[in-house]
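Each residue of the sequence shown is one higher than the last, beginning at 4 in this note's numbering.
For glycine and all other residues, C-beta sits at the position ideal for the given N, C-alpha and C.
Since this is a predicted model, take the numbers as computed values, not measurements.
Encoded as structure tokens, the structure appears first; notes follow it.
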Amino acid sequence: MARPAVFLDRDGTVTREVGYVNHVDRLELLPHSAVAIRRLNEAGVPAVLITNQAGVARGYFSLDLLEQTHARLRELLAAEGAHLDGLYFCPHVPEGKVAPFNIDCECRKPKTKMLHDAARDLDLDLPASFTVGDKITDVIMAHRVQARGVFVLTGYGRGDLENQSLAWSERPDHIAEHLGDAVDWILREMKRD
Ligand SMILES: [Mg+2]
Ligand SMILES: [Zn+2]
Numbered sequence: 004m005a006r007p008a009v010f011l012d013r014d015g016t017v018t019r020e021v022g023y024v025n026h027v028d029r030l031e032l033l034p035h036s037a038v039a040i041r042r043l044n045e046a047g048v049p050a051v052l053i054t055n056q057a058g059v060a061r062g063y064f065s066l067d068l069l070e071q072t073h074a075r076l077r078e079l080l081a082a083e084g085a086h087l088d089g090l091y092f093c094p095h096v097p098e099g100k101v102a103p104f105n106i107d108c109e110c111r112k113p114k115t116k117m118l119h120d121a122a123r124d125l126d127l128d129l130p131a132s133f134t135v136g137d138k139i140t141d142v143i144m145a146h147r148v149q150a151r152g153v154f155v156l157t158g159y160g161r162g163d164l165e166n167q168s169l170a171w172s173e174r175p176d177h178i179a180e181h182l183g184d185a186v187d188w189i190l191r192e193m194k195r196d
């Protein structure tokens, strides 16, 4: 039977927002991330990373570097007993310079192809699922598949909430200080459902 999942944004949510991660050494877990993901693992809730990485299309780093970065991410999590059940990325952006990635794709958030791909691969119930991210696009994407979107104040979150939230077209279902608080709320909601 299809299960609910938690879809995690990468930069500013699981890892520190440092601009484009154009070297593996720039990747750094945020303090609450490993424990939060481990709690999802222990609860049997799939934790799926969903990330826009337009730096590939822009020519800032290669697909190979991106794969190395994600291998490092999995190592950092494994060192703290946590793992990702899936990892999907969008390397595209239409104004990029690097073919074949400079296209108007179907996966760049807030488009929903990465969610649908994960649902197919892992047998997930999207309307019962949650996203966690530091940009409103993660919430918009969630609502497009009738999922709930948690907005975190790490990364761009606190600044975007203070400076841009009056103009938001969608409201988060919950606002959390960081991924640890987001997972607390989500696990409580899942028990209620
Ligand atoms: Mg982010
Ligand atoms: Zn894409």
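Here's a check: name, in chain order, each residue in its chain whose Cβ is nearer than 6 Å to the Cβ of residue i, leaving out the five neighbours to either side.
i      : result
Arg42  : Val186
Pro7   : Asp128, Ala131 and Ser132
Asp107 : Pro97
Thr197 : Shown here, the chain extends from 4 to 196; a query on residue 197 therefore has no answer.
Phe10  : Val51, Ile53 and Thr134
Asp67  : none
Ile178 : Phe154
Glu109 : Lys116
Arg29  : Val21
Trp171 : Ile139
Leu87  : Ala50 and Leu52
Ile143 : Pro113 and Glu173
Val101 : Ala60 and Gly62
Leu125 : Pro49 and Gly89
Identify the residues that DSSP records as bridge partners of residue i: which are they?
i      : result
Tyr91  : Ile53
Val24  : Partner(s): none; Val24 has no beta bridge.
Arg6   : Leu127
Thr134 : Phe10 and Gly152
Thr18  : Asp14 and Leu32
Ala179 : Val155
Which word fits residue i, buried or exposed, when buried means at least 16 other C-beta atoms lie within 10 angstroms of its C-beta?
i      : result
Met4   : exposed
His181 : buried
Glu36  : Here residue 36 turns out to be Ser, not Glu, going by the sequence shown. Answer is buried; the Cβ neighbour count reaches 16.
Leu80  : buried
Gly22  : exposed
Leu118 : buried
Asn166 : exposed
Asp137 : buried
Gly162 : exposed
Arg103 : It should be pointed out that residue 103 corresponds to Pro in this sequence rather than to Arg. With fewer than 16 other Cβ atoms within 10 Å, it is exposed.
Pro34  : exposed
Gly99  : buried
Leu169 : exposed
Is residue i near ligand 4, going by C-beta to nearest heavy atom under 6 Å?
i     : result
Thr16 : Inclusion of ligand 4 in the displayed structure is not the case, the ligand content consisting of ligand 1 and ligand 2 alone.
Leaving out five residues before and five after residue i in sequence, what residues of the same chain have Cβ atoms less than 8 Å from its Cβ?
i      : result
Arg75  : Val27 and Leu30
Val38  : Glu83, Ala85 and Gly183
Leu164 : Phe154, Leu156 and Ile178
Tell me which same chain residues have a C-beta within less than 7 Å of the C-beta of residue i, skipping the five on either side of it?
i      : result
Tyr63  : Tyr23 and Asn25
Arg19  : Glu31 and Leu33
Ala122 : Leu129
Thr72  : Val24, Val27 and Leu30
Legend entry - Cβ contact check for the region 144–157 and the region 14–34: 3 or more pairs under 8 Å: yes
Inset, instruction - Would you check if the region 141–155 and the region 118–133 touch, i.e. whether three or more CB-CB distances between them fall below 8 Å? - result: yes
Inset, instruction - Could you tell me whether the region 91–107 touches the region 52–69, where touching means 3 or more Cβ pairs closer than 8 Å? - result: yes
Inset, instruction - Under 6 Å from any heavy atom of ligand 2, by CB: list those residues in chain order, please. - result: So the residues near ligand 2 by this Cβ test are Cys93, His95, Cys108, Cys110 and Arg111.
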